[in-house]
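Below: one structure, written as structure tokens.
Protein chains in written order, with the working numbering: chain A, 500 to 799; chain B, 500 to 799.
Structure follows, in structure tokens:
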């Protein structure tokens, strides 16, 4: 069996993007995704699909890109001087719902190749509830564990820990949300081939929708008042902090002259900051803050 | 005449902070500044003074700090390995008004010393109108030119250009606002002494209030509708992008375990992002965007 080539990978990712958009449109029930097709200055391009002001989704994007060209300067150090050309394709999602009870979600799958013969997959899914619900957190992590376990018994623990470390805001000493899974620079393990790895990454992409649907259906009808909406603004503010200060994908995009509107589609329509805000003792907001820690076993 | 020492400089900065807070409270007419006193883990500390939900100011901070200790790791490269200890004192201001017609303003003055015998001043004032008004922009830059000209005929042009380059958002290819003045690593020029430089930096600090008062009095009564308030959210979004991605003071604070609430008091209470927003042809919003460029001569 030959390894999957870049075209097959990009095609599969494109299909995942299309399926997710179709499913999300049905789930939302009101708005459709727009589609902006753009070209990369050197080669390839992408489809940025954005939904704004739906029933359930206030602002969200499902991006596909497939670009190639000369390795940008800021990455040369990381890759070594012998690397000159790269190819990258991926799907990247962030959804910001209206309701403070519906979580923010992020998913990304990506494939990278260099002219020096290196190639790898990366990806992840993580959930950022404005209010943490232990039962729903368990359901989310169970879905991720299930998809991981089908491909390797080691994946879930390893990638769950990786997500805890990656989706972390050092200056706040808090995780972005309840984490999920994250992996990067993934190459076949002993006894594994590229096709199996590719299958895993596609399975992660296809897990996104059912995992999110479960969260949405369980939370979308819960009533929310002004206090909950204010808290949501502050949680969104932390999301902005993570994305602008730490997120590698955002940094990569900003440093390499990427399409700004596609990179920053991850930011919410509104967000807020209050000075020295402290949630009330024993409140659901305080409970949420207390659980934004690394190393929580959400499956318990 | 002996050079001003660190204690004299910190005392003068402390007085500037107190005077500005008193003046701003009168201008606002409703709220008072809170005062959080904090200690730096090694030596010194600061007074973070914040005002929220005033008549005119929605959220603003006037910080003073005076800290010393071991040079933080991320700065060792910049300063050279022989530097081990530092002393830093400064005043730092950001004000976010309620009205989209009243500009956002920022001011900072600072003094830095190392145990290797290097010392310098830095500082700046810049204005970020949500709507640019050429007449008011001219008034603002005239005040800055006046204070510069009293101390050196070269300062205004040099520091105005420096502000254009510093208060710039590369990924948007736009300036943060109409700029102002910015300077860093400033040491006495030929024929100038440290006292004269110190006098200039204090004069910049004292120019902040009258320069801002002039802007506020000319704009605070202008009526604003929903469309203007929406635009203000987007401009605040750009302010957040600048501060989290590029601002050196913020980066320094985040990398060196500074007091997060004081560092991020520069962020607005609310901000927003829309995908691919384009202002209408010929609108005041478009006019503003067209003037967010380097090299505009606001004195004309």
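The beta carbon of each residue, even a glycine, is placed where N, CA and C say it ideally should be.
Only a predicted model underlies this, so the values are computations on that prediction, with no experimental measurement involved.
Reference residue i, options the options, closest by Cα
i                      : options                    : result
residue 613 of chain B : B:581, B:688, B:716, B:639 : B:581
residue 518 of chain B : B:694, B:729, B:707, B:552 : B:707
residue 649 of chain B : B:700, B:774, B:601        : B:700
residue 574 of chain B : B:795, B:768, B:601, B:753 : B:753
residue 740 of chain A : B:765, B:515, B:604, B:796 : B:765
residue 782 of chain B : B:691, B:585, B:631        : B:631
residue 709 of chain B : B:507, B:521, B:511        : B:521
residue 686 of chain A : A:675, A:654, A:669        : A:654
residue 674 of chain A : A:513, A:698, A:794        : A:794
residue 540 of chain B : B:564, B:525, B:661        : B:564
residue 729 of chain A : A:769, A:559, A:616        : A:769
residue 591 of chain A : A:746, A:779, A:777        : A:746
residue 593 of chain B : B:606, B:543, B:792, B:731 : B:606
residue 542 of chain A : A:561, A:549, A:533, A:585 : A:585
residue 695 of chain A : A:622, A:756, A:523, A:651 : A:651
residue 792 of chain A : A:660, A:544, A:525, A:778 : A:660
residue 784 of chain B : B:727, B:536, B:758        : B:727
residue 732 of chain A : A:767, A:722, A:751        : A:767
residue 525 of chain B : B:703, B:550, B:763        : B:550
residue 796 of chain B : B:620, B:639, B:702        : B:639
residue 755 of chain B : B:780, B:691, B:566, B:622 : B:566
residue 616 of chain A : A:671, A:624, A:504        : A:504
residue 666 of chain A : A:562, A:742, A:697, A:656 : A:742
residue 790 of chain A : A:672, A:718, A:748        : A:672
According to DSSP, residues forming a beta bridge with residue i
i                      : result
residue 596 of chain A : A:556
residue 610 of chain A : A:588, A:620
residue 538 of chain A : A:544
residue 533 of chain A : A:549
residue 770 of chain A : B:770
residue 880 of chain B : Given a span of 500 to 799 for chain B in the structure shown, any question on residue 880 of chain B remains unanswerable.
Where residue i sits in the DSSP three-state scheme
i                      : result
residue 603 of chain B : strand
residue 562 of chain A : strand
residue 510 of chain A : helix
residue 627 of chain A : strand
residue 706 of chain B : helix
residue 641 of chain B : helix
residue 666 of chain A : coil
residue 673 of chain A : strand
residue 570 of chain A : coil
residue 736 of chain B : helix
residue 798 of chain A : coil
residue 678 of chain A : strand
residue 656 of chain A : helix
residue 783 of chain B : helix
residue 525 of chain B : helix
residue 633 of chain A : helix
residue 755 of chain B : coil
residue 728 of chain B : helix
residue 576 of chain B : helix
residue 742 of chain A : helix
residue 723 of chain B : coil
residue 646 of chain B : helix
residue 502 of chain B : coil
residue 792 of chain A : coil
residue 750 of chain A : helix
residue 711 of chain A : helix
residue 695 of chain B : helix
| query | Quick one: any contact between the segment 627-644 of chain B and the segment 699-715 of chain B, if contact means 3 or more CB pairs under 8 Å? | reply | yes
| query | Is there contact here, the segment 546-556 of chain B with the segment 518-529 of chain B, by at least three beta-carbon pairs under 8 Å? | reply | yes
| field | Segment contact, 8 Å Cβ cut-off, at least three pairs: the segment 771-780 of chain A with the segment 724-741 of chain A | value | yes
| field | Given 8 Å, three or more beta-carbon pairs between the segment 597-604 of chain A and the segment 616-629 of chain A | value | yes
| said: Tell me whether the segment 638-645 of chain B and the segment 676-694 of chain B touch, counting them as touching only if at least three CB pairs, one residue from each stretch, are closer than 8 Å. | reply: yes
| field | Chain-ordered residues of the segment 646-677 of chain B with a beta carbon less than 7 Å from chain A | value | 670, 671
| request: Report the residues of the segment 765-780 of chain A with a CB closer than 7 Å to any CB of chain B, ordered along the chain. | output: 766, 767, 768, 769, 770, 771, 772, 773, 774, 775
| According to a CB-to-CB cut-off of less than 8 Å, which residues of the segment 502-518 of chain B neighbour chain A? | none
| request: Check each residue of the segment 603-629 of chain A: if its Cβ is closer than 9 Å to any Cβ of chain B, include it; give the result in chain order. | output: none
| said: Along the segment 737-753 of chain A, where does the CB come closer than 7 Å to a CB of chain B? Name the residues. | reply: 739, 740, 743, 744, 753
| field | Within 9 Å of chain B by C-beta, residues of the segment 556-572 of chain A in sequence order | value | 558, 560
| field | Contacting positions in the segment 718-732 of chain A - beta carbon closer than 8 Å to chain B | value | 732
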